[in-house]
Each structure stands twice: as C-alpha cells, then as structure tokens.
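For the working numbering, add 783 to where a residue sits in the sequence shown, where the first one is 1.
Heads up, the beta-carbon is just placed ideally off N, CA and C, and yes, glycines get one too.
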Amino acid sequence: MYDKILGEIRDHSFYRDNFPNDGQRFVAWYLHRVLLLDMHATKAAITDGQNDKQIDAIVVEDGEDRRIRVIQGKFVRPDAIDAAPLREVLSAWTRLKDLPRLQVECSGKLAERLEAMRVALDDEYDVQFELLTTGHLTEAAEIDFNAFKATMSDDSDFNAGLTLVDSALLETRLSEAEQRDLPELACEIELDPERVLVSEEANVRVIIAMLPIERCLKLPGIADGKLFRRNVRQSLGLSNKVNKALRSTLTNAEKAPYFFFFHNGITALCRGFLLSEDRRKLKVQGLSVVNGCQSLSTIYATSGKVAQKSGSVLFRFYEIPQLDLGDAISINTNSQSAVKPRDLRSNDKSMRSIKKRYQDGVPGGYFITKRGEERPADKEAAKCVDATDYARMVVSWQCQRPNLASNEKKLFDEHYKTLFHPELDAQSILALRLWVNEIDRHWDRLDINEAIKAVRGSARFHMLFAVSQLIAHASNQSDKVPLPAATTGALQYAPMVLSQAKQCLNQALQQAITQSAAARKVFSPQNWLKGKGAVADEQLVAGTIVNVLKNLGSPELAPVITSLTLPAAKFSFRWTAE
C-alpha cells in the first residue's frame, strides 16, 4: 500500500498543489480516496500543520452516520512503529476533553474544526479516533493500543472509539470505496452436530448452527475488516451505544450465559460450502458476514474479558454465489444497530399519504419511503423523491429553515408532523425536486465559497432557500413563502437564478466572518450553516440582490425577473419549525 499511495499522491496535482508534505498528502489521500470526501471537503478537514496538537484531520459526518472522525496519520515505509503515535492520539483525546482551552491554544484551522466538532458533540455524535498508518505496530505497541482503546471507550466524560487503520484495513476500505471485490476468505469451521440444521430455501442451501463464542474468535478477517467487506457498514467501535450494551452483556457473569437469547444472530454469505458427513466440519469459500459486524467486532475486542466461554451465537450460512442477491441480503438484514427515526416512520399514515398523493399526481414519479428501497425501472429518476430529501426540501422552503436540513434525527422526530403535512400538493413536491436537481447539475460550475462547498450536504438546501427568497423579494412578499408549483417557469432560467442564489450564500458568509472576527470568536462555516444566523444573513442579502437587479433595468435580466415575480395569491405563511 505504501508504494501505491506514494505514487498516487506524487502523480496527482490535487495532492501536490494543496498540501506541503507527504504526511499531509497521505491523510488527504485517505479522506478523498477512501472516505470519498470531495476536494473541497478534504481541504477543509485537514488540520495538520504548526500547533496542530497531534490532530491531522477532523471530519464531522452529518446525516445518518452522525459521527466525528479524529485522524492522526503516520506515513512511513511498511516497518514496525512503536507506541509514540499512539501516545499522540491519547494526548489529542486528553486535550479534546477541554475544548474551549484547546481552541485558544491551537492553530486557526484546527480551532475552526473544533468549533464544528463542539456543536456535533452537543448533538450527541459518536467520536472515533483513527490512527492512520502504512506501518504496523510492534508487540509492545499493540498492548498499549488495547489499553488506550479500553481507556477511551470506558471514560464516562468523553468516551470515544479507537481504530488502527493500517495497511491491511486501508486495502479493505479502499477496495470497498472502489467497489471491488476483495480476495476471498476461506476457512474450516468446527460445528457441534446436534446443534446444526441443514435445509434449502428458494434453491439456496442454508445451514443454521449454534456456534460457541470462543469459536467466533477463530473466524478470519475480523481484525482487519475483510470478513465484513460486503456489510453495509464497518465496526462502529466500542463507544457505539449498541456495542456498549453487547460488551456489557459479554463481561457480566450473570448475563453472559444468556447472550444467545439476547442476540438476533449473525448472517454469513458463502460462495460455496461443504459440510462433512458427520456434520462436525464446515468448509466455506468466499465467506463474508453481512449482518453481525458490530457483534463479532465487539466479541473480538472483548475476548479477554468475556465472563463465560460457554455462550453461543446463532449463525446463518447461506450459499449465495450471485452478487446482486448477496447485496440485497446485506441491505435487508441490517437492523442490529439502533433503528433510525426515519425507519420508524416509513409505514406511517402521513408518509403513505404523501407517497400516494405524489405518485398519483406526477406521471412517472416515485416516492421512496424506506431506506434502501430502489426506484422501479419504469419511473423517472428526475422525478424520484426520497423521504429524507423531501423532509430537507420542505424544511428549507416551506419552513424557511435550511439550517435544520442536516439533522435527520430532528426531521423525522420533533418536526415530523410539520414537514409531512397533507397540504403540499404533488406538483409542488415535484417543483422542489426539480430545483434541487438543477442545483446538483450546476454545482461544480457555481463559484461558491470553498468553505461552503466543503459542506455540500447542508449548502445544497441553503441554495434552495436562497431561491425561495429571491422569488419572495422579487414579488414583494418577503415575509411569505412562494408556492413551489408556481415557480416552475423560472426553471428555464436556472443557471442565472442559481448564480444569484450562490451570491446570497457567499455574501452572507463574508458578513458572518467579518462579524465573528470583530467579536474575536472562532468561526466555523459548518456550524454557521446549522444556525439561524445564516438564514437571517441570506435573507437580507437576497433582498439587496433583487433590488440591485431591478434597478439595473437590463433587457437580458428582464425575463428572469419576470419569471421570479409571482402574484400574491401564490404565497402563504411559512410552516413553523424551530
């Protein structure tokens, strides 16, 4: 991996032109190639440099994951490394316990990322430290690693996970990012014949077995993640709420014997398997666990503290050579981690009502209510609306609160009844979808401030809000919200409208930066987009821009202004969501 990465960071101008040394380029490579951040987000996340306090990058992952990654990189030739980098991680973790003090002591770039981290911590995001290296730990360092990992996960004030992302795990994650299949895992599993059921379902061979916990530890690929290459997610670490509960059961002498009854079981796919006649040996080819990553990772990490060695886990082995069927099983069996509010709402009456109204009112349209649900082939992609995007569009346009769009938990919890409202007609839902489509289509060409482009997930919906504000001000209805269905005429001028919308964001951001500097406060663009201040700033700038455009009297702009101008009857008061 070292030579591969070295070649890429030296050949690619993005790494050469934006980062001064191979250490920073290595971390940037990981963010861009493995975590799939775009170039703007990658540059924004890097904190490495003078006075970086042993923190090379901080990535705040909004949306479903709600996770903070704190990364320390060591780009070295594939040799053994001692515990010094681990001590740097522990030092960073200790310093992060006192965020206000650290923000004062550190560099400006790190201070900005810490401010984004502070808000995420207040919103109960998980924290995951990653030691990123192309080397491998010495035996003594591995002992320290396990000790530090336990210390960090057990801390009641600031618990966090710790992952060693070495060459093996880098290769695994890179392969996942590139959607390539990894080399197959093959192994022989010892079974208890009286605890094995062999059957067949839908022409798929099935083996269901009770496997002792201690035998789970012998499965290949747990430590480096290769066993979970087709799982929808990798290990979330011991700081994850569900994994903490698993660990608590495993280490409790009274609860551990009943682990089998508390656990839903593990699903493993195989390209092929061979069961011995006496049912004591199972040889598997192409082994991959698609449901049970959190369980096996936690069992492995807790192996030295398991209270009872006699506990068992239910294993389901499916012989699935077809990749598409395997992927479908991976998606549909992953419910072991905490259920999201969106999942609980997927069959709700209001959700079903919106789905029916939209699909009945929009030919070729489709409304996705469930996570992982796919659009039917006979439906148009441009008219396909996902429930999460629907909530984000509505909170940004109808509620005029784009700052809430990144908080999926709140959208499907406290704001659900407001957003999934029976009043919004099908054509208005389609209009919102079409505006977002235009924003996505023109995104790369829009000259948006790089600090905003780095937070695309939030910024897209601030752009949508800015469009609504331009229309409201052009129509002299600045205190109201335009009916989305009435705005479709302006879509033909989308490039020009979006050019003005991005000015709203750029100028509002600059005002916020100036005000923050005058007040001697740390400014975080990511946090600004999550606050009401951004909404007020963008609203003010939109009004100024519309007035300037009207006063120009340009023939070229006249039809654009006309398309943005709607009658008062096409406006209503905003829906309340605070």
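Just to check my reading of the structure: residue i and residue j have Cβ atoms closer than 8 Å, yes? What is that Cβ distance to the nearest angstrom?
| i | j | result |
| --- | --- | --- |
| Ser1080 | Ile1005 | 7 Å |
| Arg1239 | Asp821 | 7 Å |
| Val981 | Ile972 | With 8 Å as the limit, Val981 and Ile972 do not qualify as a contact, their Cβ atoms being about 14 Å apart. |
| Val853 | Phe912 | 5 Å |
| Leu1288 | Asn1232 | 7 Å |
| Leu1002 | Leu1010 | 6 Å |
| Phe809 | Ile788 | 6 Å |
| Val987 | Thr916 | With 8 Å as the limit, Val987 and Thr916 do not qualify as a contact, their Cβ atoms being about 41 Å apart. |
| Leu1347 | Ile1254 | 5 Å |
| Leu869 | Gln886 | Contact doesn't hold; Cβ gap of about 24 Å is too wide. |
Return the bridge partner residues of residue i from the DSSP annotation.
| i | result |
| --- | --- |
| Val948 | Leu915 |
| Gly1055 | Gln1068 |
| Phe928 | DSSP, once it has assigned bridges, lists no residue as partnering Phe928. |
| Cys1167 | Tyr1149 |
| Glu844 | Arg850 |
| Val1264 | Ser1355 |
| Asp909 | Arg850 |
| Thr1050 | Asn1074 and Arg1099 |
| Gly856 | Leu915 |
| Ile1137 | DSSP output for Ile1137 lists no bridge partner at all. |
| Ala866 | For Ala866, which the question treats as bridged, DSSP gives no partner whatsoever. |
| Met993 | Leu1097 |
| Val987 | Glu984 |
| Leu920 | Ile864 |
How would you write the range of the alpha helix (DSSP H) that residue i sits in, first residue to last?
| i | result |
| --- | --- |
| Tyr1101 | No alpha helix (DSSP H) holds Tyr1101; the beta strand (DSSP E) holding it covers Ser1095 to Glu1102. |
| Arg1243 | Arg1239 to Ala1257 |
| Glu1321 | Lys1315 to Leu1335 |
| Ile1212 | Ala1209 to His1225 |
| Met822 | Met822 to Ala828 |
| Asn801 | Ser796 to Asn801 |
| Ile838 | Counting along the chain, Ile838 falls outside any alpha helix (DSSP H), and DSSP gives it neither H nor E. |
| Thr1345 | Ala1341 to Leu1347 |
| Gln1275 | That residue, Gln1275, is in no alpha helix (DSSP H); it is neither H nor E in DSSP. |
| Asn804 | Element bounds for Asn804: n/a, residue is neither H nor E. |
| Tyr1199 | Tyr1199 to Leu1202 |
| Ala1234 | Glu1233 to Lys1236 |
| Arg884 | Leu882 to Glu888 |
| Lys1193 | Glu1191 to Leu1194 |
| Gln1309 | Pro1308 to Leu1312 |
| Phe1044 | Phe1042 to Phe1045 |
Just reading off the beta strand (DSSP E) that residue i is part of, what are its end residues?
| i | result |
| --- | --- |
| Gln1068 | Lys1064 to Gln1068 |
| Glu983 | Val979 to Glu984 |
| Ile996 | Element bounds for Ile996: not the beta strand (DSSP E) but the alpha helix (DSSP H), Ile996 to Cys999. |
| Cys970 | Ala969 to Glu973 |
Just tell me which of the options has its CA closest to the CA of residue i.
| i | options | result |
| --- | --- | --- |
| Asp1172 | Leu885, Ala1039, Asp905 and Asn1190 | Asn1190 |
| Lys1139 | Leu1332, Ala1164, Leu1266 and Val1168 | Val1168 |
| Val1329 | Val1250, Ala1277, Ala1360 and Trp812 | Val1250 |
| Glu1362 | Leu1057, Phe928, Lys1236 and Gln1275 | Only positions 784 to 1361 of the chain appear in the structure, and residue 1362 is not among them; the question remains open. |
| Ile1212 | Ser1179, Ala960 and Ala1268 | Ala1268 |
| Lys1236 | Phe797, His823, Trp812 and Ile841 | His823 |
| Pro861 | Leu1229, Lys1064, Leu953 and Lys1132 | Leu953 |
| Val910 | Ala930, Leu882 and Gly944 | Gly944 |
| Gln1183 | Ala969, Arg884 and Ala1360 | Ala1360 |
| Asp1227 | Thr1271, Leu1281 and Gln1252 | Leu1281 |
| Leu818 | Asp906, Leu1332, Asp848 and Ser1059 | Asp848 |
| Trp1358 | Pro1265, Trp1311, Glu959 and Ser1299 | Pro1265 |
| Ala1352 | Thr1270, Ala985, Thr830 and His815 | Thr1270 |
| Val1067 | Phe1056, Cys1076 and Gly1075 | Phe1056 |
| Lys1193 | Ala960, Lys826, Val843 and Glu907 | Glu907 |
| Ala899 | Ala923, Val842 and Lys880 | Val842 |
| Leu1247 | Gln1181, Lys1263 and Ala1300 | Gln1181 |
| Leu1097 | Ser1059, Phe1195 and Tyr1041 | Tyr1041 |
| Asp905 | Val810, Arg850 and Ser958 | Arg850 |
| Asp1161 | Ala1174, Thr1152 and Pro1146 | Pro1146 |
| Ile1049 | Ile1254, Glu1102, Leu994 and Asn1186 | Leu994 |
| Leu1052 | Leu968, Lys1064 and Phe1045 | Leu968 |
| Arg1062 | Asp1143, Gly1144, Pro976 and Lys1132 | Pro976 |
| Ala1209 | Tyr813, Gln1142, Asp1196 and Glu1163 | Gln1142 |
Point to revise | Any 3 or more C-beta pairs closer than 8 Å across the region 942 to 960 and the region 890 to 897 | key: no
Review point. Is there contact between the region 1310 to 1325 and the region 1288 to 1301, where contact requires at least three CB pairs shorter than 8 Å?
Key: yes
Exercise for review: Could you say if the region 1251 to 1271 and the region 1195 to 1202 meet the contact criterion of at least three C-beta pairs nearer than 8 Å?
Suggested key: no
Review point. Does the region 1303 to 1319 come close enough to the region 1331 to 1344 that 3 or more CB-CB pairs lie under 8 Å?
Key: no
**Study point:** Three-pair Cβ contact test at 8 Å for the region 1214 to 1228 versus the region 799 to 814
**Key:** no
Review point. Can we say the region 924 to 936 touches the region 785 to 800, given the rule of at least three CB pairs closer than 8 Å?
Key: no
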